Amino acid sequence: MIRHWPGALAAALVVALALGTLAAVALRAEGWTALQSADWAAVRFTLLQATLSALFSVGLALPVARALARRQFPGRRALVTLMGAPFILPVIVAVLGLLAVFGRNGLISHILGVFGLPPIHIYGLHGVVLAHVFFNLPLATRLILHGWLSIPGERFRLAASLGFGPRETFRLLELPMLRAVLPGAALVIFLICTTSFAVALALGGGPRATTVELAIYQAFRFEFDLGHAALLGLVQVAICATAAALARGASLPAEMGGGLDRAVQRWDAGATQLKLIDAIATCLAAAFLLTPLGAVVADGLAGITRLPGAVLWAAGRSLAVALAAAALTLALALPLAVFIHNAGRAGSALAETVAYLPVATSPLVIGVGLFIVIFPFADPVSLALPVTALVNAVMSLPFVMRAILPALTEAEAAYGRLADSLGMKGLTRLRIFLLPRLARPLGFATGLAAALSAGDLGVVALFVDPAEATLPLYLYQLMASYRMEEAAGAALVLLALSLGLFVAFDRGGRLGAQA
Amino acid sequence: MALRLEQLHLRLGDFTLDADFEVPARARVAVIGPSGAGKSTLLAAIAGFLKPESGRILWEGRDITALPPGKRPLSILFQDNNLFPHLTARQNAALGIRPSLRLSDEEWARVDTALARVGLAGLGDRRPAALSGGQQGRVALARMLLRRRSLMLLDEPFAALGPALKADMLDLVAEIVEAEGMTALLVSHDPEDARRFAPLTVVVAEGRAAPPAPTEALLGNPPPALAAYLGNGA
Amino acid sequence: MRYAITLATALGLALPVAAEEKPVLTVYTYDSFVSDWGPGPQIEKDFEAVCNCDLNLVGTGDGAAMLGRLKLEGTRTRADVVLGLDTNLTAAAAETGLFAKHGIEDVELALPVEWDDEIFLLYDWGWFAFVYDRSKVTNVPKNFRELAASDLKIVIQDPRSSTPGLGLLLWVQAAYGDEARAIWEGLADNIVTVTKGWSEAYGMFLDGEADMVLSYTTSPAYHLIAEGDDTKAAAPFEEGHYMQIEVMGRIASSDQPELAQSFLRFMLSDMAQSVLPTTNWMYPALMPEMGLPKGFETLITPERSLLYPPAEAAKVRDAALEVWREALSQ
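Sequence order for the protein chains is A, B and C. Following our numbering from start to finish, the first sequence increments by one per residue and tops out at 515. Following our numbering from start to finish, the second sequence increments by one per residue and tops out at 1234. Following our numbering from start to finish, the third sequence increments by one per residue and tops out at 2330.
This is the structure:
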C-alpha cells in the first residue's frame, strides 16, 4: 500500500548523520591514542551522574504524576505545560536560573543566611544531578502521568465497587503499570544525560565532573586528536547501546504527545491525608521547576529594555531555524514511522533503533564530522543555519518518534482497513487520513523540535557565523562583551520564543485534532 | 454467477475456515453462525485483508484473489470506524468518488444527491461526532452508493443500533442493493436480520462456510450446528 | 515543495549576490572580535575605506577553535589572514606550515617583555588577574598562597576549554614550577566551580556566586568606562602576572598576499590600535598617539610579567594539565 523508499531514505540520512560523521572524523585521524585513565574516569563519572539523574528524576516524578493523575484543579493544564519548559530551555539560561535559586548568592542561601546558616554549595556531583533533574523531571512526570492515564477509568470504578482501598488499588492496578513504564522512563533520561556537557561544566565544580562529551571536546579543541575524539564518540555509542540492551525487557514508554489535560475520577483517594500528600507533591514540583524560571524572567525584565535592535534579527534567525527544524522533523519522522509500521519485524526493529540512535551520539562529533564532509564542497559557515536546523531535527527524532509511533499504530489499527478498502495510497493517504489523525502528537513533536532548536547554540563553533548569530549565540556574545544585563534580557526573549513555539505547535495540533 | 469462492482455505493462527460455493448475481445473502466461527474472517478474505492459504476468489468469472482491497469490485462496512472522525459527512461520503477529495463541482453535486437519498440532506457539514449512530451508518451507505461497486460486504455495521433503527437501516440497504443491482453479503449474529434482509443464508460453523441456502427453510429446519447456536428461542 | 525552497532561501541558501569587482580579504578571528561590541565593525569600516577591497571578518569561536578549524581545512582554507591566536597556540599553528612570514620589522612595540617572531605579529596583549568587588572584598590576597589560605571563593575557567583557563594553568606553572601541585591543592577549597568559558565565569562572579573571578587586569576598565562603576578591581599578585599576547599571521596559500600584508600593517596603525582598548579591552601593541583611554590609568600594572615562549608553552601544558586535574580531583 505504501512506498518504502521515503522511510528508507530518512533512515539512511539519520544513520549518515549519527554514524557517518563519526566515521568521517575517524578517517581523518592521523593516529590513534588509546583510552587513558582520565578517559575511564570520565566514563565512570558519566555513568554515575546519568544513573543518579535518571533515578532521582523518575523517583521524584512518581508522586507528582500520581497527584496530577488523580486531582483536578484550576490551572492544572497551564501547570502541565509550564512544567515542560525546563526541558526545552537553553542550558545556559537554565543554569543561570538554577543559580539564582540554589547558588551561593541565590534565594535559598539568602533565606539560610537569615537564620545565620552558611550558603548552600551547589557545585559538584549533586549540582549536576540537581540540574539534570530540573531538566528531566517534567519529561519523567509526563511519561509516568501518561501511564497513569492509560489505565481505563472503568477499572478504577470496578476497583471501587469491589471495595479496594488505596493499597489494593496500588498493588493491583498501579503497580503493574509502573513496572511497565518506569524502567523505560529511566532509560530515556539516562540516555539524555550521557551526552551532558555544559551542565556538567558549569555546575560540576572541577575536573572530577568530566563527562565523556567533555573529553571529546578536549580531544578536538585542546589536543586536536581526531582519532581519540572518534574513539570517545564510539565509547559514548557503546554506553548507550549497552544501557538500551540491558533495559530491553522494559518497553520504552510510548506516547508523550497524548492528552494529559484530564484527571481520572478516583474513589480510593478521598482521604484528607492523601489529598494533602498530592497537594504537597504538586506544590513542591511547581516551586522547584518554576522558581528558577521566575528568576530568569525577573532578571530579564531589567535588561530587556536595554537590548539593541539586533536582538530582533537574532530572534528572527532562531525562529527560521526552529520552523525549518520543525518542518524537517516532520519530513523525517513521518516516513520513518510509516516505514517502521509497515516493515516486517526485523526491519522495523532496525528502523526503530535507527530512530533512537541520535540520543547516543555526540553533538560535537556530528558537528566536526559534518564539517569534514561539507568543507570540500561548500563553505560550511554559509550553511550554518540549515545545518543547525537539520541536526536539531535529527536530534529531536527520538522524542518525536516516541510521540508519533504509538499514535500511528493506533490510527492504522482503527482506520487502516477503511483507508485500504477505499484505495487510499501515498500522499492521499497521508493528507486525508494520517496527518489529521496524528495532528495531536505531531503538534507536540514539531513543537518540541522547534523549541529545542530555537534554544540550540549551534552545532559547534565550526559552523557558527557570529555575523548571522542566532538568539542563543547572540546571548553568548552579549555575555562575552561584559553585557550581562542585556544577556539576561536576551535569555528572557529566548525563553519566550522557545516556550511560545512549543505552545503554538502543541495547541495547533490539538485544534487540528478536534474530532 | 457473481461471486465464486473456489476451494478457499483460510488460516489465522490455529483457526481455519473452508469455503467452496457460489453466490448468484443480485442476491442478498446473510452470513450467520456462532461467534468466533469465522464470519468476519470470511468477509475479510473476500475484501482482501486476509490472504487465503489456497483457493481462489472470482468475481463474474475474473480471479480477484491477488488484488489489493481498494482495487476489488466491492465496498465494505465494518463493525465500527466506518467514518473518519476528522472529516465532515460530505467529505466522508465523497471518499467514495475519489479518496484524494479533489472533486469537480458536478461530483460534489452527486455527493449531495447521495446524502439526500439516504436521508441526510442538510447534514453534510457535520462531523461524525455530531451525528447519531444511525446517521453515521447512512453516511457510510451514501459513500457506498458513490463508489458504485457491485458487491457490498456488511460486517455487522448496525450491531450497536436499537432494534427499530437497525430494521430501518437494513430496509434502506435492501432498497439500495435492489435499485443499484448490487450483490450483498451481511454478517450478523441475529437470525431476525437474516429473515428481514436476506432470501439466502450462509451458515458458518465448525470450520466451514456452507453454500447459501434459502433463509426461511434453513431457520425453520436448522442443521445441528446452527440449531445449537440458535437454541430454543429460534 | 515551493514552500520548502522559500524556507531554504530564508535560511541563507540564497544565491550569492553578484560579486563586485573588489578583491575580498578573508580574515579568521574569534567571535567576540566580530561581535557588535568588539573591534570588528570599526576595523572593517576603517580598513575598507583605504584598501578598495571587501574585508570579510569570519568569527570562528575562540582561538583554539580557530586553530582546529585551520587544521581541518589545511591549504584549502579560505582564510588569507588569521587574527587572534595567542602564544599558547602559536607553536602548534607554526607547525601546520600554513603560515607565511610577515616581513614587517619597523614596529616599535609597547610591550613589557621581549617579542620577536617572524611568523606572528602581536596586535594586543593583557595580563591575567583575579578581579573582585572592592565593596565586598577587603582582605585582598597578595599572592596565590594568601589566596589559598583565605576563605575567599573564586571561579575559574577550564584550561581544556578556555583561553583564560589555560592562562591560569601556565601562570601557576610559571610562578611555582614544581610547587604548582601544592598551590592547586591549596586552591581546591577556594574554587567554587570551573566553567567552560570566560563568559560563564564572569557572569557567575557578577551574580555574586564568587568573591573573585579569573579575568584580565583591564576588566575593571570596562566597568569604569562603560558603566561608571569603580567598584571592580584586579588584585596585584607578587609572583607577577601571566600575559596573554594576541597575534595575527598571514596564510601562505592566500591569493591576496599583498592585501593580507597591508591588513597586518593596518592592524598596527594608530587608527586600528586606538580602537582596541575600549572594544577588545586589552592593551594595544603600540602606544596610540592620544595615549590610553581615560580610566586605564586606574588599572594595576604588575611589577613582573610571566610568559612562556611559544615552544615551551606547548611543552609544559600537558604535564601542567595533568597536575591540575589530579590536584583538583581529590
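The beta-carbon is built from N, C-alpha and C at its ideal position, and this holds for glycine as well. Here the structure is a predicted model, which means the values were calculated and not measured.
Query, Result
"Taking the alpha-carbon positions, what's the residue 2027/C to residue 2192/C distance?", "38 Å"
"I need the straight-line Cα distance from residue 503/A to residue 447/A, nearest angstrom please.", "7 Å"
"Determine the direct distance from the alpha carbon of residue 2138/C to that of residue 2164/C, and round the result to whole angstroms.", "25 Å"
"Would the segment 2229 to 2241 of chain C and the segment 2131 to 2145 of chain C be scored as touching if the rule is three or more Cβ pairs under 8 Å?", "yes"
"Output needed for residue 1198/B: all residues of its chain with C-beta closer than 7 Å, excluding positions within five of it in sequence on either side, in chain order.", "1028, 1029, 1030, 1186, 1215"
"For residue 2256/C, list the residues DSSP reports as bridge partners.", "Answer is none; residue 2256/C lacks a bridge partner."
"With residue 2213/C as the anchor, note down where its beta strand (DSSP E) starts and where it stops.", "2212 to 2216"
"Is the number of C-beta pairs between the segment 394 to 405 of chain A and the segment 1045 to 1063 of chain B that are closer than 8 Å three or more?", "no"
"Run the CB neighbour count on residue 2184/C, radius 10 Å, all protein chains shown included, and call it buried at 16 or more, exposed below.", "buried"
"Which stretch, first to last residue, makes up the beta strand (DSSP E) that contains residue 1202/B?", "1200 to 1205"
"Is residue 516/A close to chain B? Criterion is C-beta to C-beta, closer than 8 Å.", "Look at the range of chain A in this structure, 1 to 515, and you will see that residue 516/A is not part of it."
"Among all the DSSP beta bridges, which residues are the ones paired with residue 1151/B?", "1074/B, 1183/B"
"For a test of the three-state rule: what should DSSP assign to residue 2294/C, helix, strand or coil?", "coil"
"Residue 40/A: buried (16+ other C-beta within 10 angstroms of its C-beta) or exposed?", "exposed"
"Give a yes or no on whether the minimum CB-CB distance between residue 393/A and chain C is below 8 Å.", "no"
"What residues of chain C sit near residue 477/A, judged by a beta carbon separation below 8 Å?", "2031, 2032, 2035, 2036, 2037"
"So what's residue 2160/C in DSSP terms, helix, strand or just coil?", "coil"
"Which residue comes first and which comes last in the alpha helix (DSSP H) that contains residue 2043/C?", "2040 to 2051"
"By DSSP's criteria, residue 2233/C is part of a beta bridge. Which residues make up the other side?", "2132/C"
"Which residues does DSSP list as the beta-bridge partners of residue 2244/C?", "2126/C"
"Give the residues of chain A in contact with residue 2222/C, contact being defined as C-beta atoms less than 8 Å apart.", "482"
"With 9 Å as the C-beta to C-beta threshold (strictly closer), list the residues of the segment 2182 to 2198 of chain C near chain A in chain order.", "2188, 2191, 2192, 2193, 2194, 2195, 2196, 2197, 2198"
"If residue 325/A and residue 389/A are in contact, beta carbons under 8 Å, what's the gap, nearest whole angstrom?", "4 Å"
"Using a cut-off of 8 Å between C-beta atoms, extract the partners of residue 423/A located in chain B.", "1068, 1069, 1070, 1071, 1099"
"Once you ignore the five residues that flank residue 512/A on each side, which residues in its own chain have a CB closer than 7 Å to its CB?", "436, 439, 443"
"Could you tell me which chain B residues have their CB closer than 9 Å to the CB of residue 437/A, listed as they occur along the chain?", "1084, 1085, 1086"
"Classify residue 2026/C as helix, strand or coil using the three-state DSSP reduction.", "strand"
"Can you tell me whether residue 1092/B is buried or exposed, with buried defined as 16 or more other CB within 10 angstroms of its CB?", "buried"
"Write down every uninterrupted run of the alpha helix (DSSP H) in the segment 197 to 238 of chain A whose length is 4 residues or greater and which is fully enclosed by it, in chain order.", "198 to 203, 212 to 221"
"What is the DSSP secondary structure of residue 2098/C, reduced to helix, strand or coil?", "coil"
"Can a CB atom of chain A be found closer than 8 Å to the CB of residue 2114/C?", "no"
"Using CA atoms only, rank isn't needed, just tell me which of 2053/C, 2030/C, 2038/C is closest to residue 2021/C.", "2053/C"
"Could you have a look at residue 303/A and say whether DSSP puts it in helix, strand or coil?", "helix"
"Is it true that the segment 335 to 348 of chain A meets the segment 1011 to 1021 of chain B, where meeting means three or more beta-carbon pairs spaced less than 8 Å apart?", "no"
"Please list the residues of the segment 385 to 415 of chain A that have a C-beta atom closer than 8 Å to any C-beta atom in chain B, keeping them in chain order.", "414, 415"
"Which stretch, first to last residue, makes up the alpha helix (DSSP H) that contains residue 1007/B?", "That residue, residue 1007/B, is in no alpha helix (DSSP H); its beta strand (DSSP E) goes 1003 to 1012."
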